[in-house]
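All remarks here apply to the structure that follows.
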Amino acid sequence: MNCSSDEDDKPLVFRRNPKPDKVKCSSPPPKPSLKPSNDSDSEDDKPLSSKFSTVSKGNTNNSKNRPHMNVSTAHKPRVKDEDSDDEKPLSSKFISKPNVGSVNKVHQNGSASRDNQSKNIGINKRPLDNERSPGQSSIKKPKPSDSSTPVNRRPVNLKAETKSDDDDDLPIAQRTKNQASSSSKQSSSKQKVIKKNSSSLNQTNKKSKKVIKESKYSKPSKVPPGSGEGQKWSSLVHSGVIFPPAYKPHGVKMLYKGKPVDLTPEQEEVATMFAVMLDTDYMSKPKFKENFWGDWRKILGKNHLIQNLDDCDFKPIYEWHQSEKEKKKQMSTEEKKALKEEKMKLEEKYMWAVVDGVKEKVGNFRVEPPGLFRGRGEHPKMGKLKKRIRPSDITINIGKDAPIPECPIPGESWKEIRHDNTVTWLAYWNDPINTKEFKYVFLAASSSLKGQSDKEKYEKARMLKGHIQGIRTAYTKNFGSKDVTKRQVAVATYLIDKLALRAGNEKDDDEADTVGCCTLKVENVEPSPPNILKFDFLGKDSIRYQNEVEVELPVFKAIQQFRTGKQGSDDLFDKLDTSKLNAHLKELMPGLTAKVFRTYNASITLDDMLSRETKGRDVAENVVVYQHANKEVAIICNHQRSVSKSHSAQMTRLNEKIDELKDVVKELETDLARAKKGKPPLKSSDGKPKRNLNPEALEKKIAQTKAKIEKMERDKETKEDLKTVALGTSKINYLDPRITVAWCKRHEVPIEKIFNKSLLAKFAWSMDVDPSFRF
DNA sequence: TTATCTACTTAGGAACTACTGG
DNA sequence: CCAGTAGTTCCTAAGTAGATAA
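In this text, residue positions in the first sequence follow UniProt numbering: the first is 1, and each later residue adds one.
Rendered as structure tokens:
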């Protein structure tokens, strides 16, 4: 079975399987497949997947209802160009004109949502406008619950669909290069604001970092404008973090063996954390309860009346909590508004930081409240108590000349103050669950610091476009290398390139058992002769990846060989890990790492799909085209979401409505026929007489109703189609916004139809791209 | 070389808000 | 106006990857 096809030039596209479980390779319309061969020339820059065929793919999350997706193809490339893109200081771009004069004011960069204008707004805000409704549909998910154990769905099989359908390609639109800008420098204006700052090179303090790093390959990262290597800012002013309120005992008593128990506030607090989760599916996980019990018991004390969880009844607390929630919901809008305003007032100062004179939003300035750890998948630590973080746990990073934020909790103080301008974090604390890890406070996505690095990410991916052909040629050559390590590197690179797999760092035993490419186990990849590989594993967030792919014979053989003599739980790539792999990739292109392939694959796919001919479409149709492309990318990257609990009910309702409308049409048609003969309409079903309309009016009504039906059918289809696909993740993290912006400009689609307010703020750096930009 | 630290990106789901059509 | 859903934002877990230490 192989569904392959002949053409290879067509981009591959991943398609979702209609019926998840069945799918077979249809013979007829095969997909492109091919064994490529070696290289060659023509093929080149096209996404790998387009070169090889894939059979199918499906994914499912374990335990949730996630159906599978199928894969099918990929994309095609484009011309190349390199570009220059600017390194102009973002801030200078964004800040639009207005800021010119205002000298001593702070510029404000992105405030997405609530920007409350009230106070200070810096001078300019970028012109973002507002939004309108974007288009994708999504489904909501109701509440938790539903436990269930993982269902394992059967791997799907393949179907190959052809993809021809949609559009074929189009001439190249114009490609130009982007503007070049030069980099000017940045911050010129910076330092005017805020007190002085000028810390030049940082360092200092306790652990100072080293600044210099030399580069082996090109220069690693970016150097911010003016300063030395690795310097991320010259002046940084912020207010620190805000803590959750202290626990307020509610006094509601839970039951132990049917009797109310007195708990100290501390004990009650933890009991409440558990009670509140009674309606989640964590309750069906023994590990969760076990971990919770272990930690709670420490607080109760060995000799407490409560000796086991099973005899505990948290219902009273749960119910109290529900009623509190209800109460809150019932508040009038004004009350809610007032409350919100108050909170805002309190938090306002924490929301902003001033970086090199520009006011920027802070991402997460709220310290995480205590709670029970909600690990995903089968996490060994789920249910453990995540203790309250206090000021003495927190390290603040701030400009040397900035005032040290006042500790919001009287009588306590920060753990440490640093002035490290080689990093971007404003504060961090040790994660109480995994004490070796940290939780950081960073600037928001709309900040220029983040924007700059986002742009660099895409530029790197674009650079890969220019090297991909050589890389493919090289690894193809190594599929048969007698050096096992080389062979493994070649095959792993191939999988990352073709399937957009994640790198797969090693994980500890106290984390959920998930894998990525380098950590695939023998049991995760099953060869099925003649050349199909069946993948089935849990990836990031324990999202299941299932896919059947036709691969080149040498790859197939190599995989078989890597598996021989091993157990199912052994590493497939025993000679490999992410650092070796990345070290190898860096020899092929400066700065290249495994994750770049995902960005490249996603963006090139979007660019390709959007650049096929779409003339003559109106805005709404174009938005659909975009969503379709977005969906393909989401499938390639395996971005899933669980099906809303009410999904099937919603579908049923939609169907009923459609049927109703169809009946209406029928009735109208009957009336129309009668009207044409001059007869009055029949009585309506409930016996009431209807207005006697003329044929024209009836016809119009019929047309309107039919249009309505069509729209509903379309909506229904999209909804079903996207019920397990998460479009947002790729939009936020993988698709070069310049592709989208340029396409919107070319097709006169308002950018607000595609990017919401947050995205507009995050991608402010891409708004002035030339319409002819190609990834 | 491997293990550990450190910093930063990517991710899904919950909570919240806005919108729609009845 | 109201409910229900679509869309947005918040939250924080879970990855990647480079640098350092062992």
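Here a beta-carbon is modelled for each residue, glycine too, at the ideal position from N, C-alpha and C.
Whole-angstrom distance between Glu752 and Lys645, CA atom to CA atom: Across the structure, Lys645 and Glu752 are spaced so that their CA atoms are roughly 30 Å apart.
Going by alpha carbons, who is nearest to Leu606 out of Leu236, Gly301, Ala742? Ala742
Between Asp577 and the rest of its own chain, which residues show a CB-CB distance below 7 Å, the 5 nearest in sequence each way excluded? Glu506, Cys518
Per DSSP, what are the beta-bridge partners of Thr395 in this structure? Glu416, Tyr428
DSSP-derived helix/strand/coil call for Val270: helix
Pull up the distance between the alpha-carbon of Ser448 and that of Gln488, whole angstroms please. 40 Å
Residues in its own chain within less than 8 Å of Asp671 by CB, not counting five upstream and five downstream? Pro681, Leu682, Lys690, Leu693, Leu698
DSSP three-state call for Ile496: helix, strand or coil? helix
What did DSSP end up calling Val596 once you bin it into helix, strand or coil? helix
With respect to the alpha helix (DSSP H) encompassing Tyr458, which residues constitute its N-terminal and C-terminal limits? It spans 448-478 - the alpha helix (DSSP H) in which Tyr458 sits, taken as one unbroken run.
My assumption, with CB atoms under 8 Å, is that Leu654 sits in contact with Lys716. Please give the rounded CB distance. With 8 Å as the limit, Leu654 and Lys716 qualify as a contact, their Cβ atoms being about 5 Å apart.
Cα-Cα, which of Glu290, Met331, Lys677, Cys407 is closest to Asp310? Glu290
Is it right to say Glu632 is buried, meaning 16 or more other beta carbons lie within 10 angstroms of its own, or is it exposed? buried
Please classify Ile389: does DSSP put it in a helix, a strand, or coil? Coil at Ile389, not helix or strand.
Would you mind listing the beta strand (DSSP E) stretches within the stretch 495-537 that are 3+ residues and don't spill past its ends, in chain order? Complete beta strand (DSSP E) runs here, min 3: 525-528.
Report the rounded CA-to-CA distance for Arg502 versus Arg598, giving the unit in angstroms. 8 Å
On a CA-only basis, which of Gly371, Lys328, Ser235, Met277 is nearest Glu360? Give me that one, please. Ser235
Three-state secondary structure (DSSP) of Gln704: helix
Looking at Ile559 and Leu533, is the spacing between their C-beta atoms short of 8 Å? A contact, by the Cβ cut-off of 8 Å.
Quick one: Cα of Leu727 to Cα of Ile543, how far? 15 Å
Rounded straight-line distance, which links the Cα of His747 to that of Asp770: 13 Å
Have a look at Lys340 and Phe755 and give me their C-alpha separation to the nearest angstrom. 26 Å
Where Gln488 falls: helix, strand or coil (DSSP): helix
Can you give the Cα-Cα distance for Glu720 and Val749, rounded to whole angstroms? Here the alpha carbon of Glu720 sits roughly 26 Å from the alpha carbon of Val749.
Taking the Cβ atom as the reference point for each residue, do Val551 and Asn531 lie within a distance shorter than 8 Å? yes
Euclidean distance between Cα positions of Asn622 and Arg462: 25 Å
Please report the straight-line C-alpha distance between Lys345 and Ala246, rounded to a whole angstrom. 19 Å
For Lys521 versus Ser579, is the C-beta distance shorter than 8 Å? The Cβ-Cβ distance between Lys521 and Ser579 does not fall below 8 Å.
Is the closest heavy atom of the ligand NAD to the C-beta of His747 under 7 Å? The ligand NAD is not part of the structure shown, which contains no ligands of any sort.
Along the alpha helix (DSSP H) that carries Gln560, what are the first and last residues, could you check? 553-563
Can you tell me whether DSSP reads Tyr350 as helix, strand or coil? If DSSP states are grouped into helix, strand and coil, Tyr350 belongs with the helices.
Buried or exposed, going by whether 16 or more other CB atoms sit within 10 Å of the CB of Val730? Note that residue 730 is Ser in the sequence shown here, rather than Val. Buried: at least 16 other Cβ atoms inside 10 Å.
For the pair the stretch 412-423 and the stretch 319-334, tell me if three or more CB-CB distances fall below 8 Å. Pairwise C-beta distances place the stretch 412-423 out of contact with the stretch 319-334, as fewer than three of them are shorter than 8 Å.
Quick one: grab the DSSP three-state call for Tyr626. helix
What's the C-alpha gap between residue 776 and Ala649? Because the chain is modelled from 1 through 775, residue 776 falls outside the range shown and cannot be assessed.
Residues sharing a beta bridge with Tyr256, DSSP: Lys259, Cys312
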